[in-house]
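Position 89 (the sequence shown) corresponds to 89 in UniProt numbering; numbering is contiguous.
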Amino acid sequence: MPLTLLGEHHPLASASEQLKLLADTHGYSSFETRLDQAGLFPLRATGMTVFQINVGKLCNQTCKHCHVDAGPDRTERMSRETAELCMQALATTDIPTVDLTGGAPELNPNFRWLVEQARGLGRHVMDRCNLSVLLIPSQADLAAFLAMHRVEIIASLPSYRASQTDAQRGDGIFEKSIEALRLLNGLGYGRSDSGLLLNLVHNPVGAFLPPKQEAIEAQFRKELRVRHGVEFTHLYTITNMPVSRYLEFLVESGNYEQYMERLANAFNPTAAAGVMCRSMISIGWDGTLYDCDFNQMLELPVSPGAPAHIRDFDPVQLNQRQIVMRNHCYGCTAGSGSSCGGAVA
Numbered sequence: 001m002p003l004t005l006l007g008e009h010h011p012l013a014s015a016s017e018q019l020k021l022l023a024d025t026h027g028y029s030s031f032e033t034r035l036d037q038a039g040l041f042p043l044r045a046t047g048m049t050v051f052q053i054n055v056g057k058l059c060n061q062t063c064k065h066c067h068v069d070a071g072p073d074r075t076e077r078m079s080r081e082t083a084e085l086c087m088q089a090l091a092t093t094d095i096p097t098v099d100l101t102g103g104a105p106e107l108n109p110n111f112r113w114l115v116e117q118a119r120g121l122g123r124h125v126m127d128r129c130n131l132s133v134l135l136i137p138s139q140a141d142l143a144a145f146l147a148m149h150r151v152e153i154i155a156s157l158p159s160y161r162a163s164q165t166d167a168q169r170g171d172g173i174f175e176k177s178i179e180a181l182r183l184l185n186g187l188g189y190g191r192s193d194s195g196l197l198l199n200l201v202h203n204p205v206g207a208f209l210p211p212k213q214e215a216i217e218a219q220f221r222k223e224l225r226v227r228h229g230v231e232f233t234h235l236y237t238i239t240n241m242p243v244s245r246y247l248e249f250l251v252e253s254g255n256y257e258q259y260m261e262r263l264a265n266a267f268n269p270t271a272a273a274g275v276m277c278r279s280m281i282s283i284g285w286d287g288t289l290y291d292c293d294f295n296q297m298l299e300l301p302v303s304p305g306a307p308a309h310i311r312d313f314d315p316v317q318l319n320q321r322q323i324v325m326r327n328h329c330y331g332c333t334a335g336s337g338s339s340c341g342g343a344v345a
């Protein structure tokens, strides 16, 4: 199993090194300048509709594009104490959606407790699932648990071709993903009459922007149905973010400057006005508050003046905060923008 950047002691395991690289623009304006030109600076929160909890960086995969730098060698994980603070904060709000992510969020010992508590509060729960985790022997009943609690699954599948998926997510992952999708279909997931949502996420394999969502969804649906007998609810497209391991890939392959210019040239003011960070709050494994999961991995907490930790959660202040931005934010504003509401494990 490949090591994470942290495990390799790679310079880009450091958030400060990533930010230093991202700040050095060539051939394009900074993101804040472009936002100002569009009349959108400063960008402010519009109200929280998604309560995202990143429960840690432990994962059973080590994907080449991972913005979390997650993997089997990561030990960061949310404690029960912090999980309880999250649920206490959630209970004071009417935020309708809880978004559980990681790493592989299901590997955190508190994952099922968080699902049960959030559902008990009447909230919709999303699980950002890498699919292969459902096949781990210790998680044999996980798929049934998710179905019982009617958890929406958002699952990454870069391609309907085995070679492309395995190139990004590891050897044999495509076949495991298909097996897991069949398991979920057998429980009713992805079936139109079940109400169990199974949404796939496609991101490009390489230094490219994603294709139009409608076209690639139709292609995925046809290929997965005909070749593998697999059904799903919707497919979302996301742009690979120049953060962590994908940033390292861009640098090592000599595509970094070209990719950043491509993102900047595809800047869409409409997508910028609707970025996910305006309507969410992201809680780190240690309880620190961020505007989004990408900022979390770059260690960019919410703006000064807003509560910094979940123990100090204040919806009024957080709903008025200014969004923290750097040049990686171009990834959420290129073309149609990233449409799945956040990162996928």
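No residue lacks a Cβ here, since even glycine has one placed at the ideal position from N, Cα and C.
Since we're looking at a predicted model, the values are computed, not measured.
The Cβ atoms of residue 69 and residue 13 lie closer than 8 Å to each other. Looking at the DSSP output, residue 160 bridges to nothing.
Cβ neighbours of residue 325 within its own chain (closer than 8 Å, five residues either side excluded): 31, 32, 35 and 43. Annotation: residue 252 to residue 242 spans about 13 Å, alpha carbon to alpha carbon. Between the region 253-263 and the region 281-292 there are fewer than three inter-stretch CB-CB distances shorter than 8 Å, so the stretches are not counted as touching. With a threshold of 16 other beta carbon atoms within 10 Å, residue 280 meets it and is buried. Linking residue 214 to residue 331 through their CA atoms gives a straight-line distance of about 19 Å.
Residue 163 sits exposed, since fewer than 16 C-beta atoms from the chains shown fall within 10 Å of its C-beta.
Shown here for residue 143: same chain residues with a beta carbon closer than 7 Å to its own, the five before and five after excluded, namely 134, 183, 184 and 187 in chain order. Sequence-distant Cβ neighbours of residue 224 in its own chain, meaning closer than 6 Å and more than five residues away, are 160 and 230. Cα atoms of residue 298 and residue 275: separation of roughly 18 Å, rounded to the nearest angstrom.
Residue environment: residue 83 is assigned as buried (16 or more neighbouring CB atoms within 10 Å of its CB, all protein chains considered). Between the alpha carbons of residue 282 and residue 25 lies a distance of about 27 Å. In the structure shown, the three-state DSSP call for residue 336 is coil. Looking from the CA of residue 337, the closest CA among 98, 254, 210 and 149 belongs to 210. In the three-state reduction of the DSSP assignment, residue 41 falls in the coil class. Distance from the CA of residue 248 to the CA of residue 100, rounded to the nearest whole angstrom, comes to 26 Å. In chain order, 3, 4 and 7 place their CB closer than 7 Å to the CB of residue 73, counting only its own chain and leaving out the 5 sequence neighbours on each side. The beta-carbon separation of residue 236 and residue 199, rounded to 6 Å, stays under the 8 Å limit for a contact. DSSP places residue 82 in the uninterrupted alpha helix (DSSP H) bounded by 80-91. Each residue's CA atom was taken as its position, placing residue 196 and residue 97 some 15 Å apart.
Collapsing the DSSP output to three states places residue 219 in a helix. With respect to residue 48, residue 95 sits close: the two C-beta atoms are nearer than 8 Å. The residue among 121, 118, 212 and 108 with its C-alpha nearest the C-alpha of residue 129 is 108. Rounded to whole angstroms, the gap between the alpha carbons of residue 173 and residue 179 is 10 Å.
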